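2 protein chains.
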Amino acid sequence: MTEAHLDPIPYLTDLLGPAHVLTGEDTRRHAHDWTGKYKGTPRALLRPADRDQLAAIVTYAARHRLPVVPVAGNTGLAGGAYCDGALMVSVERLNRIREINPRARSATVEAGVILSQLHDAAEAQDLVFPLSFGARGSAMIGGVLSTNAGGSNVVRYGSTRGLCLGLEAVLPDGRVMDVMSPLHKDNTGLDLKDLMIGAEGTLGIVTAAVLRLFPRPRAYATAMVAVSDLDAALDLLNRLQEATGGAVEAFEYMPDDYMRQLFRLRPEMRPPFDRAYPISIMVEIGATAPRDATPGPDGRLPVVQLLEDTLGEGFERGEVLDAVIAQNETQREEIWARREISAEICFSAAHVVDNDIALPLDRVGTFLERMTARLPQIDPAAESVTVGHLGDGNLHYTVWASSGSADLKETIREAVEDEVAALDGSFSAEHGIGLSKLSTMARRKNPVALDAMRRIKAALDPEGIMNPGKLVPPAD
Amino acid sequence: MTEAHLDPIPYLTDLLGPAHVLTGEDTRRHAHDWTGKYKGTPRALLRPADRDQLAAIVTYAARHRLPVVPVAGNTGLAGGAYCDGALMVSVERLNRIREINPRARSATVEAGVILSQLHDAAEAQDLVFPLSFGARGSAMIGGVLSTNAGGSNVVRYGSTRGLCLGLEAVLPDGRVMDVMSPLHKDNTGLDLKDLMIGAEGTLGIVTAAVLRLFPRPRAYATAMVAVSDLDAALDLLNRLQEATGGAVEAFEYMPDDYMRQLFRLRPEMRPPFDRAYPISIMVEIGATAPRDATPGPDGRLPVVQLLEDTLGEGFERGEVLDAVIAQNETQREEIWARREISAEICFSAAHVVDNDIALPLDRVGTFLERMTARLPQIDPAAESVTVGHLGDGNLHYTVWASSGSADLKETIREAVEDEVAALDGSFSAEHGIGLSKLSTMARRKNPVALDAMRRIKAALDPEGIMNPGKLVPPAD
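The listed protein sequences correspond, in order, to chains A and B. Residue numbering for the first sequence is 1 to 476, as defined by full-length UniProt numbering. Residue numbering for the second sequence is 1 to 476, as defined by full-length UniProt numbering.
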């Protein structure tokens with residue numbers, strides 16, 4: 001199909017300028033992902049200056065049936081930006097924050113804006129964009145949206161999908177689809193915005209979006225809490241949600257297998273407790289109302305008091321075993337740092353099988369028990385490292401296999417999938433499908449839904465040039 | 001295309017039983033909408049007992065290229081269920097609440113469940129399904145989802161889209177697509193759930209869904225408030241959101257033009273104030289935390305105190321002119337009744353041009369000023385009746401035209417669209433497109449987005465049998 005004989009470089013160099021058409025080693029930063037699993041050689045790395053240049057690239061690629069792979073911050077964990085022999089299109093120069101609108105509580109940003117830059121711009125207006133995760137310093141909005149990335153604050157603010165009001169995308173034929181609505185209610189036909197979110201660039205390239213902002217909490221209550229078991233953890237979550245009226249911003253699961261590897265690999269990090277506990281939870285409450293953030297006569301913050309009282313009740317019930325509440329921003333950052341480094345910890349081994357899964361909250365414990373029994377039967381020398389967003393039932397259950405055997409890894413992956421499926425869970429929660437879960441999609445997704453995806457892909461990308469081979473497994 | 005010669009009745013009667021294949025006058029309740037604008041004669045009204053019977057109907061219809069029009073509660077306002085000569089498929093017998101799961105805070109319901117029945121089932125577990133509107137006593141979940149209906153509580157809980165975790169649908173070829181995920185994070189491919197929501201049955205028939213439930217507020221503070229102008233109203237909204245930490249459940253705009261017609265047409269309803277004010281707002285705060293719902297030493301509820309204090313500050317600034325706070329559930333219901341009857345009021349005239357629009361919050365006033373100047377130039381004898389969900393910028397700006405002339409109505413509709421577009425608003429917020437806004441869609445929707453919709457429709461419904469002629473205007 002593709003015109004292999006055609007040399008696109010002259011046209012593209014003429015279009016973008018030589019400084020923005022990179023080849024060979026110059027493409028490395030974009031073409032090698034940081035997990036080290038996906039290393040390709042793009043035919044060229046293209047850095048358009050704006051949406052129109054990007055659209056011109058795609059129009060040209062469509063005319064000549066050249067495959068295109070979009071890339072943003074290249075922080076993905078599923079190989080969604082793997083590119084070998086295709087034109088790699090980076091949105092990094094589409095990096096303008098077009099508007100922060102405090103009254104409408106919205107931000108209009110381009111796809112190359114780095115997540116942490118948006119955080120800073122919102123906070124300057126006393127607002128927050130609540131989506132955050134460890135890679136926020138390099139992840140870009142275009143990738144965040146295309147991955148439908150999650151993070152630690154979904155429990156309070158919802159997922160990326162719910163945080164995006166509208167967007168603009170270049171479709172596989174090079175046309176610009178503008179559904180940049182700033183409105184909270186806009187019901188004008190099929191939901192193309194959500195179709196692009198999570199499509200991993202297979203239906204086009206997101207170039208800009210309108211995102212929701214929220215009032216910046218006036219104060220936080222942040223703690224590390226050791227609990228007796230997972231039921232105690234869920235009980236604590238529900239009591240905190242009730243006491244605060246749903247102000248739990250994060251409820252992160254950090255069991256002993258994670259903490260052990262964390263302090264082994266990052267000895268400079270201080271353990272939260274003077275002993276190890278089977279289950280630690282990172283809790284954060286955000287106080288947006290003045291009455292919760294105004295110190296009382298004793299100088300204490302009501303939001304901290306609420307947390308202390310709820311933890312105190314847990315102690316009395318024997319569900320809470322230990323707890324450390326951050327007394328200042330430095331201590332708060334120390335608590336967050338232990339959690340936000342998790343991807344580096346989990347991917348630090350030689351033979352990683354990462355499982356980004358979701359389970360009904362009350363079945364997380366059952367899943368872990370079953371895997372603890374099953375994994376040694378498959379790979380006696382394997383280790384597991386678990387960390388997750390317990391408030392969403394989202395676990396990152398990472399297995400360090402004893403060898404790099406593809407068969408072994410696939411056997412482990414299938415075993416995890418089996419247990420997840422048996423408990424009505426999901427094989428993908430927030431990292432996306434990319435290449436790493438393509439076989440899982442083919443095995444596990446409802447076949448009628450798979451066929452519908454293939455039809456939609458063919459309808460919007462008949463030549464199959466947009467991020468080919470990702471997300472949607474081919475029909476066999 | 002369709003096999004007009006074929007008589008489907010014998011097969012369908014054999015499939016469903018004679019009691020569930022209705023024709024002629026027996027189809028009236030489903031085939032005539034209550035606005036009186038859309039009256040058709042279905043070839044037959046079919047009432048399948050379950051999903052499999054429904055799928056068999058669609059499979060048969062697809063094989064013989066017979067058009068199918070789904071219908072649920074038939075409370076739509078846009079003609080989305082208009083059916084003339086097609087097979088009308090009612091989901092009314094798919095009416096089981098399969099599960100209310102208090103721990104997961106979810107409900108699994110079939111498409112024929114009536115909204116108020118779900119409300120009751122949730123409240124029995126001390127939970128709420130927060131989507132509500134005047135027609136809740138007859139609207140069914142299948143229609144609610146297919147319309148992406150809104151309502152009065154979106155300001156706190158989000159729209160239908162955000163309240164639905166997963167669903168099951170019969171596609172236009174009769175296959176069942178099961179994406180019934182109960183999870184809050186489930187990122188497994190293209191977002192087919194949201195593609196079906198708001199598709200108005202053009203891509204298939206929703207047969208069941210998993211919906212989110214929320215803790216039932218322990219107490220409400222509900223009031224009618226007269227304000228000096230729209231800026232004062234928005235200021236009040238922001239102050240209430242801040243004071244309560246975002247617990248505003250409803251913030252409804254009820255100006256004098258609406259109140260006047262309300263009390264003219266419903267003289268039994270008691271005016272909230274002893275005089276008329278230009279702008280009245282219905283506000284409700286929901287208290288989910290015990291500390292907000294536990295009476296203080298003086299017997300007052302903290303949540304009511306918060307509302308009184310905030311209104312008091314408004315009085316001092318001259319922004320709040322008058323206010324009545326419900327002292328009991330009866331008074332609360334009386335306040336809600338004035339709002340929930342709005343559709344009946346607005347559609348009570350002979351020549352109605354209803355405009356379900358959304359605007360950026362800070363431009364609502366400008367829109368109304370412009371229409372007040374423009375409408376008399378088009379139709380000097382026209383009256384306007386406005387009511388809306390101000391917290392979402394969603395206005396129901398209804399024009400009572402002086403005649404039923406189609407040209408006049410279209411001129412009025414276009415004038416409204418012009419002003420909405422000039423203010424970055426949306427021509428459709430929560431009632432859907434159906435037939436009533438098909439011309440608007442063709443005129444106003446981004447053409448690339450329109451083309452994408454047509455491609456998706458053709459990909460999933462190549463024969464064009466599912467609710468033909470609705471939502472997606474034909475390419476000209």
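Every residue gets a Cβ at the ideal spot worked out from N, C-alpha and C, and that includes glycine. Since the structure is predicted, the reported quantities are computational estimates derived from the model, not experimental observations.
Starting from the N-terminal side, write out each stretch of the beta strand (DSSP E) that is 3 residues or longer and does not extend beyond the segment 226-283 of chain A.
248-255
Just list the beta strand (DSSP E) runs in the segment 307-382 of chain B, keeping only unbroken ones of 3 residues or longer that don't cross its boundaries, in chain order.
320-325 and 352-358
For B:D292, the first and last residue of its enclosing alpha helix (DSSP H):
Residue 292 of chain B sits at position 292 when you count from the first residue of the second sequence. Note, B:D292: alpha helix (DSSP H), P290 to A293.
Hey, out of B:R270, B:Y82 and B:A139, whose CA is closest to B:L115's CA?
By 1-based counting over the second sequence, the position of residue 115 of chain B is 115. It is B:A139.
Can you tell me which of the three DSSP states A:T386 falls into?
For the purposes of this step, residue 386 of chain A is taken as residue 386 along the first sequence, with counting starting at 1. Three-state result, A:T386: strand.
Residues of the segment 376-399 of chain A whose Cβ lies closer than 8 Å to any Cβ of chain B, in chain order:
H389, D392, G393 and N394
Below 8 Å on the Cβ atoms is my contact criterion, and I expect A:V303 with A:F251 to pass it. Report the Cβ-Cβ distance as a whole number of Å.
One-based indexing of the first sequence puts residue 303 of chain A at position 303. One-based indexing of the first sequence puts residue 251 of chain A at position 251. Between A:F251 and A:V303 the Cβ distance is about 15 Å, and since that is not below 8 Å, they are no contact.
Can you tell me where the beta strand (DSSP E) with B:M177 in it begins and where it stops?
Position 177 of the second sequence holds residue 177 of chain B. Residues V176 to V179.
Candidates B:A61, B:R374, B:R136 and B:T41, of which the one nearest B:E463 by Cα:
Translated into positions along the second sequence, residue 463 of chain B becomes position 463. Cα-wise, what sits closest to B:E463 is B:A61.
Between the Cα of B:M224 and the Cα atoms of B:A233, B:V416 and B:E430, which residue gives the shortest distance?
Taking the second sequence and counting its residues from 1, the one referred to as residue 224 of chain B is at position 224. Of the candidates B:A233, B:V416 and B:E430, the one whose C-alpha sits nearest the C-alpha of B:M224 is B:A233.
Can B:A382 and B:V399 be called in contact, C-beta distance under 8 Å?
To locate residue 382 of chain B, count along the second sequence from 1; it is residue 382. To locate residue 399 of chain B, count along the second sequence from 1; it is residue 399. A contact, by the Cβ cut-off of 8 Å.
Can you pull the chain B neighbours of A:M441, defined as C-beta to C-beta under 9 Å?
As a working mapping, residue 441 of chain A is identified with position 441 in the first sequence. Here the neighbours are T188 and G189.
Would the segment 177-184 of chain B and the segment 357-364 of chain A be scored as touching if the rule is three or more Cβ pairs under 8 Å?
yes
Name, going along the chain, the residues of the segment 121-154 of chain A whose beta-carbon falls closer than 9 Å to a beta-carbon of chain B.
T147, N148, A149, G150 and V154
Is A:K409 helix, strand or coil by DSSP?
For the purposes of this step, residue 409 of chain A is identified with residue 409 of the first sequence, where counting begins at 1. Of the three classes helix, strand and coil, the one that applies to A:K409 here is helix, per DSSP.
Grab me the residues of A:I97's own chain with a C-beta within less than 8 Å of its C-beta, minus the 5 sequence neighbours each way, in chain order.
Position 97 of the first sequence, counted from the start, is the residue given in the question as residue 97 of chain A. Closer than 8 Å at the Cβ level, and outside the excluded window around A:I97, lie A107, T108, V109, E110, V113, Q117, L118 and A121.
Buried or exposed: A:K445, going by 16 or more other Cβ atoms within 10 Å of its Cβ?
For the purposes of this step, residue 445 of chain A is identified with residue 445 of the first sequence, where counting begins at 1. So A:K445 ends up on the buried side.
Using alpha carbons as the reference points, say which of A:Y220, A:E25, A:M196 and A:R156 lies closest to A:L333.
One-based indexing of the first sequence puts residue 333 of chain A at position 333. As written in the sequence, residue 333 of chain A is Glu, which differs from the Leu given in the question. Taking only the C-alpha atoms, the option nearest A:E333 is A:Y220.
With 8 Å as the limit, tell me which residues of the segment 173-188 of chain B have their beta carbon closer than that to any beta carbon of chain A; keep them in chain order.
R175, V176, M177, D178, V179, S181, P182, L183, H184, K185, D186, N187 and T188
Starting from the Cα of B:E308, find the closest Cα among B:D33, B:A208, B:L236 and B:M254 and give me that residue.
For the purposes of this step, residue 308 of chain B is identified with residue 308 of the second sequence, where counting begins at 1. B:E308 has its Cα closest to that of B:L236, out of B:D33, B:A208, B:L236 and B:M254.
What does the Cβ neighbour count give for B:Q377, buried or exposed, with the cut at 16 atoms within 10 Å?
Mapped onto the second sequence, residue 377 of chain B falls at position 377. By the 10 Å Cβ count, B:Q377 comes out exposed.
Looking only at C-alpha atoms, which of B:G391, B:A449 and B:P70 sits nearest to residue 498 of chain B?
What is shown of chain B runs 1 to 476, which leaves residue 498 of chain B out entirely.
Could you tell me whether the Cβ of B:F427 comes closer than 8 Å to any Cβ of chain A?
For the purposes of this step, residue 427 of chain B is identified with residue 427 of the second sequence, where counting begins at 1. It does: the Cβ of B:F427 has a partner Cβ on chain A nearer than 8 Å.
Out of B:T294, B:G204, B:T188 and B:T310, point me to the one whose CA is closest to B:A243's CA.
Within the second sequence, residue 243 of chain B is the residue found at index 243, counting from 1. If we check each option's Cα against that of B:A243, B:T310 comes out closest.
Could you name the residues of chain A that B:R212 contacts, counting a contact when the two beta carbons are closer than 7 Å?
By one-based count along the second sequence, residue 212 of chain B stands at place 212. None at all; the shortest Cβ gap to chain A is about 10 Å.
Please list the terminal residues of the continuous beta strand (DSSP E) segment that includes B:G166.
Taking the second sequence and counting its residues from 1, one reaches residue 166 of chain B at position 166. Where B:G166 is concerned, the enclosing beta strand (DSSP E) stretches over C164 to V170.
Residue from B:S428, B:N187 and B:L203 with nearest C-alpha to B:P468:
Counting from 1 along the second sequence, the entry for residue 468 of chain B is found at position 468. Comparing Cα-Cα distances from B:P468 to each of B:S428, B:N187 and B:L203, the minimum goes to B:L203.
If you check the beta carbons only, do A:D178 and A:V385 fall under 8 Å apart?
In the first sequence, the residue the question calls residue 178 of chain A occupies position 178. In the first sequence, the residue the question calls residue 385 of chain A occupies position 385. Going by C-beta atoms, A:D178 is not nearer than 8 Å to A:V385.
Using 8 Å as the limit for Cβ to Cβ distance, is B:E268 near chain A?
If you number the second sequence from 1, residue 268 of chain B lands on position 268. No, no contact with chain A.
So which of B:H5, B:D292, B:A323 and B:V21 has the shortest CA-CA distance to B:S306?
Here the question's residue 306 of chain B lines up with position 306 in the second sequence. Just to set this straight, residue 306 of chain B is Leu in the shown sequence, not Ser. Nearest option by C-alpha distance: B:D292.
For a minimum of 3 consecutive residues, which ranges assigned as the beta strand (DSSP E) are wholly contained in the segment 59-92 of chain B?
68-71 and 87-90
Look up A:K39 in the DSSP assignment and give the residues it is bridged to.
Sequence index remark: in the first sequence, residue 39 of chain A carries index 39 (1-based). Paired residue(s): A:H32.
For A:L77, count neighbouring C-beta atoms within 10 Å of its own C-beta (all shown protein chains included) and say buried if the count is 16 or more, exposed if not.
Here residue 77 of chain A refers to the residue found at position 77 of the first sequence. A:L77 should be labelled buried.
Under the three-state DSSP convention, the category B:V109 falls into
Counted from its first residue, the second sequence places residue 109 of chain B at position 109. In the structure shown, B:V109 sits in a strand (DSSP, three-state: E or B).
Report yes or no: do the segment 212-219 of chain B and the segment 432-448 of chain B share at least 3 C-beta pairs separated by less than 8 Å?
no
Who are the near neighbours of B:M466 in its chain, counting only those whose CB is closer than 7 Å to its CB and skipping five residues on each side?
As a position in the second sequence, residue 466 of chain B is number 466, starting the count at 1. So the list reads V68, P172, G201, T202, L203 and G204, once near-sequence residues are dropped.
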